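K.L.:
Quick one: the structure is below, and I'll ask about it shortly.
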Amino acid sequence: MSERPPSGTGTTADDSFQAWASHGQPADPVASILLVDDRPANLLALEAALAPLGHRIVTAASGEAALRCISSEDFAVVLLDVHMPIMDGFETAALIKEQKRSRHTPIIFLTAQDDSNDVVANAYRNGGVDFLTKPLNLDAVRSKVTVFVDLFVLSGRVERQRYFLQALLESLQTAIVACDADGNVTTYNGAVREFFGLPKRPVPPERWSEHYCLYEADGTTALAPSAAPLARALAGEHIQAIAMVIAPHTGRARTVLVTGQPITDAAGGKLGAVVSMHDITARRAAEQAAAESFTELLRSNKELEQFAYVASHDLQEPLRMVSSYTQLLARRYKGKLDADADEFIAFAVDGVVRMQRLINDLLAYARIGSDGGEITPVDSGAALDKAIANLSAVIRDNNAAISRTVMPVVPADPAQLAQLFQNLLSNALKFRREEPPKIAISAELTDARWHFTVRDSGIGIEPTYFDRIFVIFQRLHTRDKYAGTGIGLSICKKIVERHRGAIWLESEVGAGSTFHFALPAGDQR
Ligand code: ADP
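Residue numbers (the working numbering): 1310 to 1834.
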C-alpha cells in the first residue's frame, strides 16, 4: 500500500452529532401518555395533574381498553393501575410487553399504600420500570413522567438520526466501513457490499475477514489483517493511501484511495475506527494516459526538433551549391543574354538568398532546444549589454534612446538570454515610427518570477495578431516594407519556454508595444 502523509484529525462522535445538530433536526413527534385505571375519579385527577406538562394524554378504564390504545399508537410511558377487575395491571402489562410495538414502552405501576412488598416486587417482575403509591404525590408523578417523556423524545431523535445516517451512507459511492473499539465491524454501506462482493444479509463479525481483503496498490499482495486500514486506524493511525480491492465473485479490481482514522469521544476515549475507500480507477487510468501522451508528446517534439535540425543543416550544402552557381551565372552572363534572362537570374539569386536566410533561421530555432547551454545564475544586465553591443550600429543609425532599471541576476542560459533581449530590441528598433525610437527595459520581482518588459515607441500591433506573431515565419508586413523572416519572436518564445517562463505583449497601434516576459526567480535567499 503506497503511503501519503495523513491529514486532518480524528472524527469524534461529538463532531458528527454537532454537525447534525447545527443543521437542524426534523420536529420531534408528539409524546403521548397512557393512563390506565378503572376508577374515573382517579383518571380525572391524574389527567389534571399531568395537563400542565403539555403532552397528549390518553385514558383507558380497563386493561382491554389499554391494549386497544397500545396497538394503534406509540406511548412515551404507561401509568397502569395494579388493582383492576377482570384484567389486573400485571396481566395487562404482560400483554403489553408481548406486542412488538410496545415491547419497550416503560410502564409505571400505580399501587395501593397497603400493598405488600410482594406486590411491589411483582411490579418490577412484570416489566414495570417504576411504581407510584396511592394516594399519589402529584409532583413525583409529574417528575417521573417527565423523565420517561424526555427519554422517549431522545430515543426518537437517535432513531431518526440513524435513518438519516443510514440513507446518507447508502447514497455514497465511496465505500465506508466502521468498527467498534474491539474491532468488530458495526457499520458498512452498499458500496462496501459492491466493492467486496458481500452477500445481502448482514455479515457476522467473525466472518468479516473472509470478505474484507485489500491488496497492495499493484494488486499483487493481499494486506495482512493487521496491516489492513481498519486495524491500523483502530490502532490510532490516520491513513491516506492507495490500495486495491478485488471483488471475489466478479474479479473486478478497483484502485481505491483509502482514508482511515480512529473515532474518539470528546475526552479522547477510543470508540472505534472508520475507513473510506474511494474508487479512483478511472482517475488513475486518465492520469496514466495523460502521462503517456505527455511522454509521447515530448518524444515527438524531440523528433520534430531533430528533423528540423537535420533538414535545415543538410539543406545548407546543396543550397550553397545552387547559390554559388546562380551567382556565377549572374556574374558571367549579365548583359550577355536578353533582358528577360537578366531578370530571371536576378530572381533566382534573390530566391536563393532568401531561402538561405530561412534555413539559417530554422536551424537557429531548432538549436534552442538541442544546443541550449546550462541554466545558471546570470546577470541579466550583462546579457542586455551584450545585446545592445551587437545592435550598436543600428542603435546609432536610428538615433535610438535606450533606458533601463536595475537588472537582476536570474537563473538562465546566458547566450539565450542575450539573444532574447537582442530579438526584442531589434524589433523595437525596426518597427519604429518617424521620430527616433525610445526603448525602456525594466525588471521587477513578482510572485517568485522576474518580470521583464521591453517597451518601445514604435508602430504598435493590432491585438488580433498578438498570438500569431509568436508563430514561426509569421509576419505582419511585406519584406519590402520591413526586412525579416518572421523567426525572431518564435525564437523568443522558445527560449522563454525552455526557461519555464511566459512571454506576452501589450500594444496599441500607433502608440508603441510592450513585450513582457517572466522567468522563474529560483531561490532568492
Ligand atoms: P520579423 O521581425 O522577422 O518579422 P518576428 O518574429 O520578430 O519576425 O516578428 C513577427 C512580427 O511581429 C513582425 O513581422 C511584426 O509585424 C510584429 N512585431 C514584432 N515586434 C514588433 C514591435 N516591437 N512593434 C511592432 N510590431 C512588431
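All C-beta atoms, glycine included, are put in the ideal place defined by N, C-alpha and C.
No experiment lies behind these values; they were computed from the predicted model shown.
1. Hey, quick one: how far does the alpha helix (DSSP H) through Thr1635 stretch, first residue to last?
2. For Lys1747, write down the residues that DSSP places opposite it in a beta bridge.
3. Can you tell me whether Ala1374 is helix, strand or coil according to DSSP?
4. Based on Cα-Cα distance, which residue from Val1565, Lys1695, Glu1356 lies nearest to Asp1527?
5. Pick helix, strand or coil for Tyr1524, following the three-state DSSP scheme.
6. Looking only at DSSP bridge pairs, what is Lys1579 linked to?
7. Work out the CA separation of His1558 and Ala1487 for me, nearest whole Å.
8. Any heavy atom of the ligand ADP closer than 7 Å to the beta-carbon of Val1778?
9. Out of curiosity, what's the CA-to-CA distance linking Glu1817 and Ile1684?
10. Considering only residues of the same chain and omitting the five flanking positions on each side of Leu1700, which have a CB-CB separation below 8 Å?
11. Between the Cα of Tyr1876 and the Cα atoms of Gly1767, Leu1419, Pro1514, which residue gives the shortest distance?
12. Taking 7 Å as the limit between beta carbons, can you name the residues of its chain near Leu1447, skipping five residues before and five after?
13. Taking buried to mean at least 16 other C-beta atoms within 10 Å of its own C-beta, is Gln1728 buried or exposed?
14. Is it a yes or a no for the stretch 1370 to 1378 touching the stretch 1436 to 1444, going by three-plus beta-carbon pairs under 8 Å?
15. Quick check on DSSP: helix, strand or coil for Tyr1674?
16. Rounded to whole angstroms, what's the CA-CA distance from Leu1445 to Ala1354? Just pull it up for me.
17. Would you mind giving the Cβ-Cβ distance between Glu1479 and Gly1499, rounded to the nearest angstrom? I have them listed as a contact below 8 Å.
18. Assuming Ile1668 and Ala1709 make a contact with CB atoms under 8 Å, what is their CB distance in whole Å?
19. Quick check: the Cα distance between Leu1389 and Ala1576, rounded to an integer number of angstroms?
20. May I ask you to list the residues that DSSP assigns as paired with Met1586?
21. Just the Cα atoms here: how many angstroms apart are Val1805 and Ala1757?
22. Nearest-angstrom Cα distance between Ser1331 and Arg1471?
23. Given Asp1347, which residues of its chain have a CB within under 7 Å of its CB, disregarding the five upstream and five downstream residues?
24. On the three-state DSSP scale, how would you describe Met1396?
25. With 16 as the cutoff for other CB atoms within 10 Å, does Phe1740 come out buried or exposed?
26. Are the CB atoms of Arg1676 and Tyr1618 nearer to each other than 8 Å?
27. Just the C-alpha distance for Gly1819 and Asp1670, rounded to the nearest angstrom, thanks.
28. Using the beta-carbon count (16 or more within 10 Å), is Phe1826 buried or exposed?
29. Is Ala1737 near the ligand ADP, in the sense that its beta carbon is under 7 Å from a heavy atom of that ligand?
30. Would you grab the beta carbon distance between Asp1489 and Gly1581 for me? Rounded to a whole angstrom, and I think it's under 8 Å.
31. Return the chain-ordered ranges of every beta strand (DSSP E) run that is complete within the stretch 1431 to 1489 and spans a minimum of 3 residues.
P.N.:
In short, the structure shows the following:
1. Residue numbering aside, residue 1635 sits at position 326 when the sequence shown is read from its first letter. Start and end: 1590 to 1642.
2. Here residue 1747 corresponds to residue number 438 of the sequence shown, with the count starting at 1. Bridge partners of Lys1747: Ala1710.
3. The sequence position of residue 1374 within the sequence shown is 65, counting from 1. Correct three-state label for Ala1374: helix.
4. The sequence position of residue 1527 within the sequence shown is 218, counting from 1. The option with the nearest alpha carbon to Asp1527 is Val1565.
5. What you label residue 1524 is simply residue 215 of the sequence shown in a count that begins at 1. If DSSP states are grouped into helix, strand and coil, Tyr1524 belongs with the strands.
6. Mapped onto the sequence shown, residue 1579 falls at position 270. Answer is Thr1573, bridged to Lys1579.
7. The residue labelled residue 1487 in the question sits at position 178 within the sequence shown. The residue labelled residue 1558 in the question sits at position 249 within the sequence shown. Distance between the alpha carbons of Ala1487 and His1558: 23 Å.
8. Working through the sequence shown from its first residue, we reach residue 1778 at position 469. Looking at the sequence provided, one finds Ile at residue 1778 rather than Val. It does: the Cβ of Ile1778 is within 7 Å (strictly closer) of some heavy atom of the ligand ADP.
9. Start at 1 with the first residue of the sequence shown, and residue 1817 comes out as number 508. Start at 1 with the first residue of the sequence shown, and residue 1684 comes out as number 375. About 34 Å.
10. Residue mapping note: residue 1700 aligns to position 391 of the sequence shown, counting from 1. Gln1731, Leu1734, Ser1735, Leu1738.
11. Given that the chain is displayed from residue 1310 to residue 1834, the structure contains no residue 1876 and the question cannot be resolved.
12. As a working note, residue 1447 is residue 138 in the sequence shown. So the qualifying residues of the chain are Ala1358.
13. By one-based count along the sequence shown, residue 1728 stands at place 419. Burial call: buried.
14. no
15. Looking up residue 1674 in the sequence shown gives position 365. Here Tyr1674 sits in helix by DSSP.
16. Translated into the one-based positions of the sequence shown, residue 1445 becomes position 136. Translated into the one-based positions of the sequence shown, residue 1354 becomes position 45. Using only the alpha carbons, I get a separation of about 10 Å.
17. Locating residue 1479 in the sequence shown gives position 170, counting from the first residue. Locating residue 1499 in the sequence shown gives position 190, counting from the first residue. With a Cβ gap of about 5 Å, Glu1479 and Gly1499 count as contacting.
18. Counting from one through the sequence shown, the residue named residue 1668 turns up at place 359. Counting from one through the sequence shown, the residue named residue 1709 turns up at place 400. That belief does not hold up - the Cβ atoms of Ile1668 and Ala1709 are roughly 30 Å apart, past 8 Å.
19. The residue you call residue 1389 lines up with position 80 of the sequence shown. The residue you call residue 1576 lines up with position 267 of the sequence shown. Distance between the alpha carbons of Leu1389 and Ala1576 is about 41 Å.
20. Mapped onto the sequence shown, residue 1586 falls at position 277. Per DSSP, Ala1484, Val1567.
21. Stepping through the sequence shown from its first residue, residue 1805 is reached at position 496. Stepping through the sequence shown from its first residue, residue 1757 is reached at position 448. Their backbone Cα atoms lie some 16 Å apart in a straight line.
22. Position 22 of the sequence shown, counted from the first residue, corresponds to residue 1331. Position 162 of the sequence shown, counted from the first residue, corresponds to residue 1471. A caution first: Ser1331 carries a pLDDT of 48, below 50, which makes its placement in the model unreliable, though a value can still be read off. Distance between the alpha carbons of Ser1331 and Arg1471 is about 16 Å.
23. The residue you call residue 1347 lines up with position 38 of the sequence shown. Around Asp1347: Ala1370, Ser1371, Asp1390, Met1393, Pro1394.
24. Taking the sequence shown and counting its residues from 1, the one referred to as residue 1396 is at position 87. Residue state, collapsed to three classes: coil.
25. Translated into positions along the sequence shown, residue 1740 becomes position 431. Looking at its Cβ environment, which holds 16 or more other Cβ atoms inside 10 Å, Phe1740 is buried.
26. On the sequence shown, residue 1676 is found 367 positions in, with the first residue counted as 1. On the sequence shown, residue 1618 is found 309 positions in, with the first residue counted as 1. Yes, Cβ-Cβ distance for Arg1676 and Tyr1618 is below 8 Å.
27. To locate residue 1819, count along the sequence shown from 1; it is residue 510. To locate residue 1670, count along the sequence shown from 1; it is residue 361. Cα-Cα distance, rounded: 29 Å.
28. Working through the sequence shown from its first residue, we reach residue 1826 at position 517. Counting Cβ neighbours within 10 Å, Phe1826 comes out buried, since at least 16 surround it.
29. What you label residue 1737 is simply residue 428 of the sequence shown in a count that begins at 1. Yes, the Cβ of Ala1737 comes within 7 Å of a heavy atom of the ligand ADP.
30. The residue labelled residue 1489 in the question sits at position 180 within the sequence shown. The residue labelled residue 1581 in the question sits at position 272 within the sequence shown. The pair is a contact, with the Cβ atoms about 5 Å apart (cut-off 8 Å).
31. 1437 to 1442, 1484 to 1489
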